[in-house]
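Okay, so here's the structure we're looking at.
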Amino acid sequence: MPGAGHGTGFLQVASVSDLAARIQAIEDRLAIAQLQARYTILIDNQDLTAVAPLFAREGRFRSADGVMDAQGRAAICDQYRGRFAALRFGFHVTHDHWITLDPVDPDAATGIVSSHAEVVRNGEPMVTGMRYHDVYRREDGAWRFADRLLHFFYYLPVADYAAALPTRERMRAYGDARPADLPEGIGTWCGE
Numbered sequence: 001m002p003g004a005g006h007g008t009g010f011l012q013v014a015s016v017s018d019l020a021a022r023i024q025a026i027e028d029r030l031a032i033a034q035l036q037a038r039y040t041i042l043i044d045n046q047d048l049t050a051v052a053p054l055f056a057r058e059g060r061f062r063s064a065d066g067v068m069d070a071q072g073r074a075a076i077c078d079q080y081r082g083r084f085a086a087l088r089f090g091f092h093v094t095h096d097h098w099i100t101l102d103p104v105d106p107d108a109a110t111g112i113v114s115s116h117a118e119v120v121r122n123g124e125p126m127v128t129g130m131r132y133h134d135v136y137r138r139e140d141g142a143w144r145f146a147d148r149l150l151h152f153f154y155y156l157p158v159a160d161y162a163a164a165l166p167t168r169e170r171m172r173a174y175g176d177a178r179p180a181d182l183p184e185g186i187g188t189w190c191g192e
């Protein structure tokens, strides 16, 4: 009903610059989501030639447990070669992807990616639940990973999954039982 709390009754139209900024934000989010999708598929394909340019020139990939930490494309690829030597097969699946664009720097963003994987590590079928904490940077006109910090909820042999999942020592990738990074490492987590 015109005039009933709706001002003049006309829809307010955003300015062209506002619309352009909103479209750019949508395009940036989609490009970052595609970056993650390409990464997941290319890692499973073990295609390091295609993985390398997904990272910024001085990009970094590391794990919260300190086992992995490489900076620069060549070092990141070398780190993956070492991982692939132990992983005969990997099937990674990403779930939720929370992307936050930097309100000041149009070439910067952060994100959190929930993921899990089914792998064969050193001949043993294993499952893992992970969360990536990412920093993205637009470099040479493309969004790339500037920093990937990997946290594990669990990394368990399939045979041990049911018994080990309720325990704190859910990190079994390295032949021993270690505490998992998450969720216990989250400051707001209210578990026992």
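All residue numbers for the sequence shown refer to UniProt numbering, where the first residue is 1 and numbers rise by one. Where is the CB? At the ideal position from N, CA and C, for every residue including glycine.
key: Close-in-space but distant-in-sequence residues of the same chain around C77 (CB under 8 Å, 5 per side omitted)   = Excluding sequence neighbours, C77 sits near L48, V51 and A52.
query = Which residues mark the beginning and the end of the alpha helix (DSSP H) in which residue 228 is found?
reply = For the chain, the structure presents residues 1 to 192; residue 228 sits outside this window and is missing.
inquiry  = Please classify R121 as buried or exposed, where buried requires at least 16 neighbouring CB atoms within 10 angstroms.
reply    = R121 should be labelled buried.
task = Using a threshold of 8 Å, state whether the C-beta atoms of residue 193 and M171 are closer than that.
result = What the structure shows of the chain is the stretch from 1 to 192, and residue 193 is not part of that stretch, so it cannot be assessed.
key: Inter-stretch contact (C-beta, 8 Å, three-pair minimum) for the segment 84-103 and the segment 174-185   = no
message = Can you tell me whether S15 is helix, strand or coil according to DSSP?
response = coil
key: DSSP-derived helix/strand/coil call for D28   = helix
request  = Classify R73 as buried or exposed, calling it buried when 16 or more other Cβ atoms lie within 10 Å of its own Cβ.
outcome  = Burial state of R73 is buried, judged by a 10 Å Cβ sphere holding 16 or more other Cβ atoms.
query = Which whole runs of the alpha helix (DSSP H) in the UniProt domain "SnoaL-like" (25-148) are 4 residues long or more, in chain order?
reply = 48-51 and 73-86
inquiry  = I'd like to check one pair, A64 with L149: are the Cβ atoms closer than 8 Å?
reply    = Yes, these two residues count as a Cβ contact at 8 Å.
message = Tell me which residues share the same chain as E58 and place their Cβ nearer than 7 Å to its Cβ, disregarding the 5 neighbours each side in the sequence.
response = Take E58, set aside five residues on each side of it, and the residues of its chain with a beta-carbon closer than 7 Å to its own are Q71 and G72, in chain order.
Bridge partner(s) assigned by DSSP for L157 = A small correction: the amino acid at residue 157 is Pro; Leu does not occupy that position in the sequence shown. Beta-bridge pairing links P157 to M126.
query = Can the beta-carbon of V119 be found closer than 8 Å to that of Q36?
reply = no
message = Let's test the definition: count the other Cβ atoms within 10 Å of the Cβ of D140 and tell me whether it reaches 16, buried, or not, exposed.
response = exposed
request  = Could you tell me whether the Cβ atoms of V158 and M126 are closer together than 8 Å?
outcome  = yes
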